[in-house]
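S.K.:
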Amino acid sequence: ILDCDVLQADGGTRTASITGAFVALVLALEKMVEEGVLEEIPLRDWLAAVSVGKVADALLLDLAYSEDSQAIVDMNVVMTGLGNFVEIQGTAEEYPFTREELEQLLTLASQGIKQLIAIQKNVLGERYDF
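Under the working numbering, residues 16 to 145 are what the sequence shown spells out, in order.
(1) Just to confirm before moving on: does the CB-CB distance between Val38 and Leu131 stay below 8 Å?
(2) Tell me whether Leu97 is buried or exposed, calling it buried when 16 or more other Cβ atoms sit within 10 Å of its Cβ.
(3) How is Asp144 classed by DSSP in three states: helix, strand or coil?
(4) Run through DSSP, which three-state label would Thr113 get?
(5) Mind checking which residues open and close the alpha helix (DSSP H) that includes Asp83?
(6) Go to Ile33, then tell me how far its alpha helix (DSSP H) extends in each direction, as first and last residue.
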């Protein structure tokens, strides 16, 4: 079981927990392989999460609390390293948003998740090619 505590927060604690928990999971599974509990790490792909939103007319990645509290659209996106979606959770706060805005937000989220996965690979030494 992984339990995530965000010690300092100014925004997406849920998405930070998901992204950090994936690294912790890999490290825990690595230890289980070393101890002979598992033969190999049973993961298929990398995983990360990010928040995106629309504040005024700007589309933003990784909203801070001040931005999130003013967001017209607020969305959490969880994706794999191959670009597949695990979860999309979004809410229009004041009025509906368009399909075009949705696609732009998903593109922005994808770009952010690619950056996060690159950091995960750097932390773990890029020794895995799930």
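The beta-carbon is built from N, C-alpha and C at its ideal position, and this holds for glycine as well.
M.R.: In this structure, then:
(1) no
(2) exposed
(3) coil
(4) coil
(5) Tyr80 to Asp83
(6) Thr28 to Glu49
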